[in-house]
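Notes for the one structure printed next.
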Amino acid sequence: VNSDFLDGLNKEEAIAKIVAWLEEKGCGQEKVTYRLRDWLFSRQRYWGEPIPIIHWEDGTSTAVPESELPLVLPVTKDIRPSGTGES
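The number in my numbering is simply the position in the sequence shown, starting from 1, with 5 added.
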């Protein structure tokens, strides 16, 4: 797919060539890392990552300033999720 010296190689050959090229350039080395976690925040937790955001009535959003963290959530007696994943 227009990858210069990798065109026409299978996956294993391409990985070996990339590692050799990076080591030759001094840009990297081969390393195997196990138990990698998904990088997508929203997939880590059912409701998404707990990043406190204030949603204003005018439609804008602002992150809670770091000086106001940790944020203490209000006590609620009745929580009714929308069923669509939205709050």
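Even glycine gets a Cβ: it sits at the ideal position worked out from N, Cα and C.
(message) With a threshold of 8 Å on Cβ separation, who are the neighbours of A21 within its own chain once the five nearest residues in sequence on each side are excluded?
(response) Hits under 8 Å: none found.
(request) For the beta strand (DSSP E) containing I59, list its first residue and its last residue. (result) 58-60
(message) Please tell me whether L27 and A19 are closer than 7 Å, where the distance is taken between their beta carbons.
(response) no
(message) According to DSSP, is S72 part of a helix, a strand, or is it coil?
(response) Per DSSP, reduced to three states, the secondary structure at S72 is helical.
(message) So the candidates are G88, I59, V24; which of them puts its Cα closest to the Cα of A68?
(response) Looking at the Cα atoms, I59 is the closest of the given residues.
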